[in-house]
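Below is one structure, written out as structure tokens; comments come after it.
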Amino acid sequence: MSVAKRDHACPDVTVNLRYFAAVAEAAGTRGETVELPAGTTAGDLRDALNARHGEAFARQLAVSAFLVDGVRWPGEGLPLVGLVRVDVLPPFAGG
101 MSVAKRDHAC PDVTVNLRYF AAVAEAAGTR GETVELPAGT TAGDLRDALN ARHGEAFARQ
161 LAVSAFLVDG VRWPGEGLPL VGLVRVDVLP PFAGG
């Protein structure tokens, strides 16, 4: 799966994903590790995951919050560099 053009000046990106609640159910797993080419953005990651896991997963992703290395996902153009942890959190009810 080609996600982004390979930039040989930058190392590949390893993304450790953790899925919670309905997202984990739609993915069929509570987490996974993916290797992506250098230059991959957060939006590229989302597109790759949607292609890998299908429509039900994509619907969950569309309404979920993302934490990239513990910080709220600032936007799809965020470049992912090195080793990254992404937590995918669906909406939760309660108070």
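Count along the sequence shown starting at 1, add 100, and that's the number in the working numbering.
Cβ atoms here follow ideal geometry from the backbone N, Cα and C, with glycine treated the same way.
Rounded C-alpha distance that separates residue i from residue j
| i | j | result |
| --- | --- | --- |
| D144 | E176 | 8 Å |
| D147 | A124 | 17 Å |
| A122 | A162 | 12 Å |
| A151 | A158 | 8 Å |
| A142 | F192 | 23 Å |
| P179 | V171 | 14 Å |
| L189 | A138 | 25 Å |
| S164 | V181 | 22 Å |
8 Å Cβ cutoff met for residue i and residue j
| i | j | result |
| --- | --- | --- |
| L136 | V186 | no |
| T133 | V113 | no |
Pick from the options that is closest to residue i, judged by C-alpha positions
| i | options | result |
| --- | --- | --- |
| A156 | G128, V113, D112 and L189 | G128 |
Any chain D beta carbon closer than 8 Å to residue i
| i | result |
| --- | --- |
| V186 | Absent from the structure is chain D; it holds one protein chain and no more. |
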